[in-house]
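In this text, residue positions in the sequence shown follow this note's numbering: the first is 1189, and each later residue adds one. Ideal placement from N, C-alpha and C gives every residue a C-beta, glycine not left out. Computed from a predicted structure; not experimentally measured. Everything on this sheet refers to the single structure shown next.
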Amino acid sequence: MKIGFIGTGVMGSRMAKRLLDREFQVYIYNRTVEKAKPLLEQGALYAESISSLASRCDVICTCLSMPEDVNEVYTGPDGIIENARPGTVCIDLTSVGADTSKTIFGQANAKGISYLDSPVSGGPEGAENGTLTIMVGGEKDAFEKAKPILEVLGETIEYLGQPGSGSIAKLINQYLVAVHSLAASEAMVAGAAYGLDSEQLFNILKVSYGDSRILRRHMEQYVFDRNFEPGGAVKYVHKDVRLANQLLHEAGLERYTGQLAEQAFKKAAEKGLDDLDMSAVIQPLEEQARVVVKRNK
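Here it is as structure tokens:
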């Protein structure tokens, strides 16, 4: 089986490496060839174009940044749909809106190509260790064909049904990620503004009902040490919560907390923090309160 992998950034490179470790034959394409070098050294084969990769692979995985990237890679003249063989299974690991997933599914299906919207949760660590949660929408037969590959990449793999279902589940998750990130940041900044020891407050919160995985992640891995090297970047969470807010609106819900979270991540991006880890959403709040949440040396 020949597997194509398009998009070998922070997440994609780790997933492609796992496939190579399992001795799959993997063709890769990335806009920046330099980023693909470690995978080539491990035995991956480089495709000079998307069309070249699409025409020779049985399964194509895509892990891209934005919905527009997904549209270009799949539907452009040099894209997957125009160049893949009938029977090819496409696994899109990108977080996009359900409408994007449904549109691409329809265009792929018309060419005899299977498309699974399969966004992931778990960050770079999950991608590296194969412990990702993978949420899948699309045809059940295609899912069954893709399952052996998905099991290399993830630990929790859920088939959710019709096209777009995976994307909807991921956006709901990202809605909570964004809201929890803002709430945790506000709480810790408020504590610091009132003179509480940040580590002591955190230790109280994490054994109380105010605890959350996001609170622990942000404080322990990023904020206290003032290290904002990205796992999941501000710009991606901003994109995801914007799409999630649209989803809630279409469901007939008001978007109270989601709108606030979208505004907070937009502000962080406008302040030049868009490529930092999502936990950097705390920095504009610290600036407002004139405090810094950090470890006491």
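Grab the span of the beta strand (DSSP E) containing VAL1367 for me, first residue to last. Taking the first residue of the sequence shown as position 1, residue 1367 is located at position 179. Where VAL1367 is concerned, there is no enclosing beta strand (DSSP E), although the alpha helix (DSSP H) it sits in stretches over 1353 to 1381.
ALA1286 versus PRO1472 - alpha carbon distance: Here residue 1286 refers to the residue found at position 98 of the sequence shown. Here residue 1472 refers to the residue found at position 284 of the sequence shown. When rounded, the distance between both Cα atoms is 31 Å.
Residue interval of the beta strand (DSSP E) (run including THR1276): Start at 1 with the first residue of the sequence shown, and residue 1276 comes out as number 88. No beta strand (DSSP E) contains THR1276, which DSSP labels as neither H nor E.
For the beta strand (DSSP E) containing MET1203, name the first residue and the last one. Along the sequence shown, one-based indexing puts residue 1203 at 15. MET1203 -> not in any beta strand (DSSP E); alpha helix (DSSP H) instead, spanning 1198 to 1209.
Quick check: what's the CA-CA separation for MET1466 versus LEU1233? Translated into positions along the sequence shown, residue 1466 becomes position 278. Translated into positions along the sequence shown, residue 1233 becomes position 45. So the alpha carbons of these two residues sit roughly 33 Å apart.
Spatial neighbours of ARG1430 within its chain, please: C-beta separation below 7 Å, excluding the five flanking residues on both sides. Taking the first residue of the sequence shown as 1, we reach residue 1430 at position 242. When the five nearest sequence neighbours on each side are left out, the beta carbons in the same chain lying within less than 7 Å of the beta carbon of ARG1430 are those of GLU1450, in order along the chain.
Are VAL1139 and ALA1380 closer than 8 Å when you measure CB to CB? A question about residue 1139 goes unanswered here, because the residues of the chain that appear run from 1189 up to 1485.
Just checking, does the region 1315 to 1328 make contact with the region 1344 to 1355 on the three C-beta pairs under 8 Å criterion? yes
What span of residues does the beta strand (DSSP E) with SER1289 cover, start to end? Here residue 1289 refers to the residue found at position 101 of the sequence shown. Unbroken run through SER1289 is the alpha helix (DSSP H), 1286 to 1298; no beta strand (DSSP E).
Rounded Cβ spacing between SER1237 and ASP1266 (contact assumed at less than 8 Å): One-based indexing of the sequence shown puts residue 1237 at position 49. One-based indexing of the sequence shown puts residue 1266 at position 78. Rounded, the Cβ-Cβ distance is 6 Å, consistent with contact.
When DSSP builds the beta bridges, which residues end up paired with GLN1213? Taking the first residue of the sequence shown as position 1, residue 1213 is located at position 25. Beta-bridge pairing links GLN1213 to LYS1190.
Find out if the Cβ-Cβ distance for the pair GLY1195, LEU1241 is shorter than 8 Å. Counted from its first residue, the sequence shown places residue 1195 at position 7. Counted from its first residue, the sequence shown places residue 1241 at position 53. Not closer than 8 Å, so no.
Buried or exposed: where does ALA1224 fall if 16 or more other Cβ atoms within 10 Å of its Cβ makes it buried? Translated into positions along the sequence shown, residue 1224 becomes position 36. Per the 10 Å Cβ criterion, buried.
Using the beta-carbon count (16 or more within 10 Å), is VAL1481 buried or exposed? Taking the first residue of the sequence shown as 1, we reach residue 1481 at position 293. The residue is buried, with at least 16 neighbouring Cβ atoms inside 10 Å.
Stretch-stretch touch, CB-based, cutoff 8 Å, three pairs: the region 1294 to 1308 with the region 1350 to 1368: yes
Comparing alpha-carbon positions, which option in SER1283, ALA1334, SER1239, CYS1245 lies nearest ASP1257? Reading the sequence shown from its first residue, position 69 is the one you call residue 1257. In terms of Cα proximity to ASP1257, the closest of SER1283, ALA1334, SER1239, CYS1245 is SER1283.
When you compare only the Cα positions, how much space is there between HIS1368 and GLY1311? Within the sequence shown, residue 1368 is the residue found at index 180, counting from 1. Within the sequence shown, residue 1311 is the residue found at index 123, counting from 1. Take the alpha-carbon of HIS1368 and the one of GLY1311: they are about 16 Å apart.
Span of the beta strand (DSSP E) around GLY1342: The residue you call residue 1342 lines up with position 154 of the sequence shown. Per DSSP, GLY1342 belongs to the beta strand (DSSP E) from 1342 to 1349.
Bounding residues of the beta strand (DSSP E) (the contiguous stretch that carries VAL1258): Within the sequence shown, the letter at position 70 stands for residue 1258. Where VAL1258 is concerned, there is no enclosing beta strand (DSSP E), although the alpha helix (DSSP H) it sits in stretches over 1255 to 1263.
Check this for me: beta carbons of SER1239 and ARG1273, under 8 Å apart or not? For the purposes of this step, residue 1239 is identified with residue 51 of the sequence shown, where counting begins at 1. For the purposes of this step, residue 1273 is identified with residue 85 of the sequence shown, where counting begins at 1. Taking 8 Å as the Cβ cut-off, SER1239 and ARG1273 do not qualify as a contacting pair.
THR1288 and ASN1259 look like a contact to me (Cβ under 8 Å); what is the Cβ gap, rounded to whole Å? On the sequence shown, residue 1288 is found 100 positions in, with the first residue counted as 1. On the sequence shown, residue 1259 is found 71 positions in, with the first residue counted as 1. Indeed they touch by this definition, with Cβ atoms about 7 Å apart.
Closest by CA to THR1291, which one among ILE1269, VAL1277, GLY1275, GLU1417? Taking the sequence shown and counting its residues from 1, the one referred to as residue 1291 is at position 103. The shortest Cα separation from THR1291 among ILE1269, VAL1277, GLY1275, GLU1417 belongs to ILE1269.
Measure the C-alpha to C-alpha separation of VAL1411 and ALA1468 and round it to an integer number of angstroms. Counting from one through the sequence shown, the residue named residue 1411 turns up at place 223. Counting from one through the sequence shown, the residue named residue 1468 turns up at place 280. Cα to Cα, the separation comes out at about 8 Å.
Verify whether the separation of the beta carbon atoms of ALA1330 and VAL1395 is less than 8 Å. For the purposes of this step, residue 1330 is taken as residue 142 along the sequence shown, with counting starting at 1. For the purposes of this step, residue 1395 is taken as residue 207 along the sequence shown, with counting starting at 1. Taking C-beta atoms as the reference points, ALA1330 and VAL1395 fail to come closer than 8 Å.
Is it a yes or a no for the region 1406 to 1425 touching the region 1371 to 1388, going by three-plus beta-carbon pairs under 8 Å? yes
Determine the direct distance from the alpha carbon of LEU1338 to that of ALA1298, and round the result to whole angstroms. Taking the first residue of the sequence shown as position 1, residue 1298 is located at position 110. Taking the first residue of the sequence shown as position 1, residue 1338 is located at position 150. Approximately 24 Å, taken between the alpha carbons.
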